[in-house]
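Numbering-wise (UniProt numbering), the sequence shown opens with residue 1 and increments by one. Reviewing the structure listed below.
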Amino acid sequence: MNSAPRFINDNIHNERDVQVPKNVPRPPSIYFEPPYEIYYKAGETFELPCEANGEPKPTYDWNRNEIVFNPSGNDDRIVQLPDAGTLVINMPEDKDEGIFQCFAINDFGKSASKKVNLRQAKLASFAFVKPTYHKPYLGRPYTLPCVPPESVPPASVFWITKTAQGGFNVVNYDSRVSMDRKYSLRITNVVETDANQGLPYACMAMNNVVRSHVEGPLHFLAPTGDTEVTLPVA
1 MNSAPRFIND NIHNERDVQV PKNVPRPPSI YFEPPYEIYY KAGETFELPC
51 EANGEPKPTY DWNRNEIVFN PSGNDDRIVQ LPDAGTLVIN MPEDKDEGIF
101 QCFAINDFGK SASKKVNLRQ AKLASFAFVK PTYHKPYLGR PYTLPCVPPE
151 SVPPASVFWI TKTAQGGFNV VNYDSRVSMD RKYSLRITNV VETDANQGLP
201 YACMAMNNVV RSHVEGPLHF LAPTGDTEVT LPVA
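Following this line, the structure appears as structure tokens:
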């Protein structure tokens, strides 16, 4: 079963539940519309919702990038649901990106949805860098760099340590080990166990929309120096 794209929609109003006398002419009012931004995964069906009330019952039009959009001109991949403005986009591609807006129209007026930015979710790989071997001094601060790859939407970034079985463990941050705003791993004072039994550290980026993650360059730590190091008092 295909998963829905990532979006949170809080624009479902209760106008469907409001008792309005039948056959009383009134202009359209959109009660179900897309959020401001939708990220979709290539190849996975998703919807652009648009529903309105009004008397007589409204018809619907869409614009894409401020130009009238005809769903039927997309290899039958995009269809509009009967008696609604909702678009169903099958097998979406990168060319489906754009700014979309729905309009509900009848003889008494026109209602416009908010504009929604439709973007294909992507996660690139990290730039290739050979494994790096570090020899930090015990008791001293040390930093491991991370340059996350391009991601739409922005990826969740965190640090891991590799295991002997080929898996990984997520680094638990605390007062001694943390990740800064530039995604670097900061160690305030190096200890012997930071060697991780000779297994490497890596930066990882995860994109929840494409349901994928990528691993960055490997960093090996081999702490050196005396275990008893007295740091100057700040």
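Where a beta carbon is used, it is the ideal one built from N, C-alpha and C, also for glycine.
The beta carbons of N90 and T45 sit closer together than 9 Å.
For the pair of segments examined, the region 123-143 was found not to touch the region 75-82: the number of CB pairs separated by less than 8 Å stays below three. Contact between the region 92-105 and the region 54-62 is established, with three or more Cβ pairs separated by less than 8 Å. Close CB contacts of P131 within its chain, under the 7 Å cut and outside five residues either way in sequence, are with P200, P217, L218, F220 (chain order).
When only Cα atoms are considered, A202 and N196 end up about 12 Å apart. Per DSSP, the beta bridge partners of C102 are W62. If you look at V68, you'll find it in the beta strand (DSSP E) that goes 67-69. The secondary-structure analysis by DSSP pairs Y133 across a beta bridge with F220.
In this structure, the beta-carbon distance from S113 to S29 does not fall below 9 Å. Its chain contains E55 as the residues whose beta carbon lies nearer than 7 Å to that of N23, once the 5 sequence neighbours on both sides are disregarded; these appear in chain order. Taking 8 Å as the upper bound for CB-CB distance, D180 and I187 are not in contact here, some 11 Å apart. Distances from the CA of L118 to each of E93, R140, Y137 were compared; the closest alpha carbon is that of E93.
C-alpha of N207 to C-alpha of R26: approximately 45 Å in a straight line. In this structure, Y183 is the residue among F158, Y183, A155 with its C-alpha nearest to the C-alpha of V147. Boundaries of the beta strand (DSSP E) around T143: 142-144.
About 12 Å separates the Cβ atoms of V177 and F158, ruling out a contact at the 8 Å cut-off.
In its chain, beyond the 5 residues on either side, L123, P148, A205, M206, N207 have a beta carbon closer than 7 Å to the beta carbon of A155. C-alpha of F32 to C-alpha of L138: approximately 60 Å in a straight line. Only buried fits S151, as 16 or more other CB atoms lie within 10 angstroms of its CB. Burial is judged here by how many other beta carbons sit within 10 angstroms of a residue's own beta carbon; V191 has fewer than 16 and is exposed.
Residues L118, R119, Q120 of the same chain have their beta carbon placed closer than 7 Å to that of E97, with the five preceding and five following residues left out of the count.
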